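Residue numbers (the UniProt record's numbering): 1 to 461.
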């Protein structure tokens, strides 16, 4: 993998549609699967070992890396590609497993404790990246996307999945509306919802959760946030961008308690009890409404002139948002300027406690350029969704049963994070002679990989 030094740290546009054997070998070596394979071998114990668990695990991952439409296509390639067989530990063509062997393996992989060990492998990769990349997770964005799936036809397995706490596939429907509230697009699917929390700059998934289609984004946002905070250094996450689906007072309160500044568009809600505006204070009382946080009025004319006050920053120590006289800040003449400012060259100041209404008064006001800039970071989630669903086949719709589906999602996420690790750790070429260099971040990631590889691996079997 040859990446220019001018490319971003995570150069996703350098991914190959059909990676080389060396790239596959390096990616598989990055995955911390020792605990998972050990647990699977312990379960098999003295049973039939015709197809070792490390071979089945390798076939599952190679099918994703090579972007095969079906696992049968991957098995067909393994039968004719001796080099690829050796990468995952298959010596002969007759030792290539069958499709039903992978289906059975995926069934066991979707049960505990193996599903938890797959998630732990993802967490290990995120923690390693978070320790090496100083700004990973600083500015995040979240969203949910539709995933197609099939229900398991066997009631016994369905009951076991429900007892395990796995959501079952169901019908979902999402409506897209314009600014006037008119429905412009309707998307329907049968399956699940995938809730993602990603880094805006690097487009790396920090946490994910699979739920049923009835789960709202505001109800499920807490779990990915907690998972991301546990995997990243303390106080790493500064902002979280989300669409209006997460505009809930409970979401704002939980993010405020975690020290995360929400970048969430407010929903158009009906006024409560006839309330149109709230009085904030000032010599000439300032007011606020749902969409316009702070406004003042020039009362020297027969018809008062209302203007938006200028945002002056978030006072973290006081827990307030500060607004100033717009005439002083923007340099225009206001009829009530002398009365409001009372000779103060700084101008009238209004401080709004955040506790007054966290939805209406977030730490980053919605009318500021900073909010618009951070809110545009949500496009990173859409690109990650497309990469997972289209490039690596997360949304193929052919996986039957909730347990198998969760195992499939876990395998795709492991590949996503392992490839991200390889991109960040890759040497870069620069100059007209193509001299290869290694950045400090890449050196730190490689050192962490060597340390993890020093752990004794279980014997193949």
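Here a beta-carbon is modelled for each residue, glycine too, at the ideal position from N, C-alpha and C. Predicted model only: the values in this text are computed from it and were never measured.
| Check | Outcome |
| --- | --- |
| Would you list the one or two residues that DSSP bridges to residue 430? | 435 |
| Determine the DSSP secondary structure at residue 328, reduced to helix, strand or coil. | helix |
| Excluding sequence positions up to five away, which residues of its chain have a Cβ less than 7 Å from the Cβ of residue 50? | none |
| Check whether the stretch 321-328 touches the stretch 201-221, taking contact to mean three or more Cβ pairs, one atom from each stretch, closer than 8 Å. | no |
| Should residue 85 go down as buried or exposed, given a rule of 16 or more other Cβ atoms within 10 Å for buried? | buried |
| With DSSP collapsed to three states, give me the class of residue 213. | coil |
| Might you give, ordered along the chain, the residues of its own chain that have their beta carbon closer than 7 Å to the beta carbon of residue 400, omitting 5 neighbours on each side? | 150, 152 |
| For a minimum of 3 consecutive residues, which ranges assigned as the beta strand (DSSP E) are wholly contained in the stretch 225-273? | 239-242, 261-264 |
| Classify residue 105 as helix, strand or coil using the three-state DSSP reduction. | helix |
| Pairing CB atoms from the stretch 191-202 with CB atoms from the stretch 174-181, are three or more of them under 8 Å? | no |
| How long is the line joining the alpha carbons of residue 496 and residue 441, rounded to whole angstroms? | This structure cannot settle anything about residue 496, because the visible part of the chain is limited to 1 through 461. |
| Identify every run of the beta strand (DSSP E) within the stretch 297-345, keeping only runs that are complete inside it and at least 3 residues long; order them along the chain. | 305-308, 310-315, 320-324 |
| Rounded to a whole number of angstroms, what is the C-alpha to C-alpha distance between residue 8 and residue 137? | 16 Å |
| Taking buried to mean at least 16 other C-beta atoms within 10 Å of its own C-beta, is residue 362 buried or exposed? | buried |
| Between residue 213 and residue 170, how many whole angstroms is the CB-CB distance? I'm expecting something under 8 Å. | 5 Å |
| Determine the extent of the beta strand (DSSP E) in which residue 402 is found, giving its start and end residues. | Premise fails: residue 402 lies in the alpha helix (DSSP H), 402-425, not in any beta strand (DSSP E). |
| Taking C-alpha atoms, which residue in 81, 46, 300 lies nearest to residue 335? | 300 |
| Thinking residue 232 and residue 255 are a contact (beta carbons under 8 Å), I'd like their distance in whole angstroms, please. | In fact, because the Cβ distance is near 15 Å, the residues do not count as touching under 8 Å. |
| Helix, strand or coil for residue 295? Go by DSSP, reduced to three states. | strand |
| Tell me which residues share the same chain as residue 2 and place their Cβ nearer than 7 Å to its Cβ, disregarding the 5 neighbours each side in the sequence. | 429 |
| Going by DSSP in three states, residue 197 sits in which element: helix, strand or coil? | strand |
| Give every residue of the same chain whose Cβ lies closer than 7 Å to the Cβ of residue 209, excluding the five residues on either side of it in the sequence, and list them in chain order. | 195, 220, 223, 224 |
| What first and last residue would you give for the beta strand (DSSP E) that runs through residue 139? | 139-148 |
| Tell me the start and end of each unbroken alpha helix (DSSP H) in the stretch 59-96 that is at least 4 residues and wholly inside, in chain order. | 71-80, 82-87 |
| Quick check on the DSSP output: the alpha helix (DSSP H) that includes residue 171 runs from which residue to which? | Here residue 171 belongs to no alpha helix (DSSP H); instead the beta strand (DSSP E) covers 170-177. |
| Given this structure, state the Cα-to-Cα distance separating residue 102 from residue 162, to the nearest angstrom. | 23 Å |
| Between which residues of its own chain and residue 453 is the CB-CB distance below 7 Å, once the five residues before and five after are set aside? | none |
| Out of 12, 206, 121, which one is the CA nearest neighbour of residue 130? | 206 |
| Bridge partners of residue 38, per DSSP? | Its beta-bridge partners do not exist; DSSP assigns none. |
| For residue 274, collect the residues of the same chain with a Cβ closer than 6 Å to its Cβ; drop the 5 residues on either side in sequence, then sort them by chain order. | Reliability fails at residue 274, whose pLDDT of 42 lies under 50, so the model's placement of it is uncertain and the value that follows must be treated cautiously. Closer than 6 Å at Cβ, skipping near neighbours: no residue. |
| Can you look up residue 118 in the DSSP assignment and give me helix, strand or coil? | helix |
| In the DSSP output, which residue or residues are listed as bridge partners for residue 188? | 173 |
| Would DSSP call residue 133 helix, strand or coil? | coil |
| From 261, 417, 140, 100, pick the residue whose C-alpha is nearest to that of residue 376; which is it? | 140 |
| For residue 378, which residues in the same chain have their Cβ closer than 6 Å to its Cβ, ignoring the five residues on either side in sequence? | 141, 241 |
| CB-CB under 8 Å to residue 128, same chain, minus the five flanking residues each way: which ones, in chain order? | 421, 445, 448, 449, 452 |
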